[in-house]
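Novice: For reference, the structure I am asking about is given below.
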Amino acid sequence: MIVERIELTDIRNYESAQFDLTPGMTAVVGANGQGKTNLAEAVAYLATLSSFRGAPTDAMIRTDADAGFIRAVITDAEREISIEAELSRSGRNRVQVNRQRLAKTRDLLGVMRASVFSPDDLVIIKGGPSDRRRFLDDTLVALRSRYDLVRRELDRIVKQRNRLLKQAGGELTDEIAITLDVWDTRMAEVGDQLGRARA
């Protein structure tokens with residue numbers, strides 16, 4: 001997969017910019033604050049639908065704008081694919097592939113693949129097991145987009161379970177114990193799916 005062109009409109013410090021890339025390795029060089037990382041973030045966004053910096057999507061939109069656009073033309077196995085993502089402050093982001101709007105932005109996962117390795121990623125080596133699991137999960141979703149739903153379901157279950165424990169305030173009634181057992185069972189099932197996929 002080769003990125004041939006990337007266009008940014010109202011993304012971070014770019015009001016409007018187009019980069020035509022040639023096959024092979026591309027080095028992006030510039031002074032601090034010129035937008036090198038912003039360009040990498042935009043390319044990675046089309047592959048992951050999130051900022052590798054951990055920033056919310058609306059933080060990628062230029063300060064004075066209501067929406068930002070990331071457009072790319074990629075070639076994959078001799079076919080050309082155009083991708084466009086509209087990032088909106090209202091949260092109603094839209095995605096098009098070959099000028100066809102996708103019903104769900106998540107349908108974009110897997111169309112384009114990108115890996116980012118930054119100094120923050122040293123946490124894979126220096127950090128704890130949860131950091132390594134997060135890295136494996138991100139890689140898994142990049143390779144098999146269907147696991148994004150599994151990961152999101154596990155996150156939802158954990159949040160619900162934690163909310164229940166917080167509401168219980170340390171008092172485990174029969175009703176709470178039964179509900180907790182349901183969440184624990186579901187968490188084990190979904191966690192097992194993710195664990196098997198990581199292996």
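When you line the sequence shown up against UniProt numbering, it's residues 1 to 199, in that order.
Even glycine gets a Cβ: it sits at the ideal position worked out from N, Cα and C.
Here the structure is a predicted model, which is why all the values come from computation and not from measurement.
Report the residue from 60, 74 and 96 whose alpha carbon sits nearest the alpha carbon of residue 68.
Specialist: The residue given as residue 68 occupies position 68 in the sequence shown. Residue 60 is the option with its Cα nearest to residue 68.
Novice: Closest by CA to residue 82, which one among 5, 130, 122 and 94?
Specialist: Within the sequence shown, numbered from 1, the residue matching residue 82 stands at position 82. Of the listed residues, the one whose Cα sits closest to residue 82 is 5.
Novice: From this set, 176, 12 and 189, which residue's C-alpha is nearest residue 88's C-alpha?
Specialist: By one-based count along the sequence shown, residue 88 stands at place 88. Taking only the C-alpha atoms, the option nearest residue 88 is 12.
Novice: Relative to the alpha-carbon of residue 46, which residue among 167, 159 and 112 has its alpha-carbon at the smallest distance?
Specialist: Here residue 46 is taken as the residue at index 46 of the sequence shown, counted from 1. For residue 46, the nearest C-alpha among the options comes from 112.
Novice: What first and last residue would you give for the alpha helix (DSSP H) that runs through residue 135?
Specialist: What you label residue 135 is simply residue 135 of the sequence shown in a count that begins at 1. Counting along the chain, the alpha helix (DSSP H) containing residue 135 begins and ends at 129 to 143.
Novice: What are the complete beta strand (DSSP E) segments, minimum 3 residues, inside the stretch 3 to 62?
Specialist: Taking only runs of at least 3 residues, the beta strand (DSSP E) segments lying wholly in the stretch 3 to 62 are 14 to 20.
Novice: On the three-state DSSP scale, how would you describe residue 85?
Specialist: As a first step, residue 85 is located in the sequence shown; it is residue number 85 there, counting from the start. DSSP places residue 85 in strand when its eight states are reduced to three.
Novice: Determine the burial state of residue 64: buried for a count of at least 16 other Cβ atoms within 10 Å of its Cβ, exposed for fewer.
Specialist: To locate residue 64, count along the sequence shown from 1; it is residue 64. Residue 64 is exposed by the Cβ-count criterion.
Novice: I'd like to check one pair, residue 161 with residue 143: are the Cβ atoms closer than 9 Å?
Specialist: If you number the sequence shown from 1, residue 143 lands on position 143. If you number the sequence shown from 1, residue 161 lands on position 161. Against a cut-off of 9 Å, the Cβ pair of residue 161 and residue 143 comes out as no contact.
Novice: For residue 70, count neighbouring C-beta atoms within 10 Å of its own C-beta (all shown protein chains included) and say buried if the count is 16 or more, exposed if not.
Specialist: Indexing the sequence shown from 1 puts residue 70 at position 70. With 16 or more other Cβ atoms within 10 Å, it is buried.
Novice: Using alpha carbons as the reference points, say which of 116, 131, 77 and 153 lies closest to residue 37.
Specialist: Sequence index remark: in the sequence shown, residue 37 carries index 37 (1-based). Checked all of 116, 131, 77 and 153; the closest Cα to residue 37 is 116.
Novice: Throw me the rounded Cβ distance for the residue 57 and residue 93 pair, which I believe falls under 8 Å.
Specialist: Translated into the one-based positions of the sequence shown, residue 57 becomes position 57. Translated into the one-based positions of the sequence shown, residue 93 becomes position 93. Contact flag correct, Cβ pair sits at about 6 Å.
Novice: Does DSSP classify residue 68 as helix, strand or coil?
Specialist: Here residue 68 is taken as the residue at index 68 of the sequence shown, counted from 1. Strand at residue 68.
Novice: Quick one: residues in its chain with C-beta nearer than 6 Å to the C-beta of residue 156, no 5 flanking neighbours on either side, listed in chain order?
Specialist: Stepping through the sequence shown from its first residue, residue 156 is reached at position 156. Excluding sequence neighbours, residue 156 sits near nothing in its chain.
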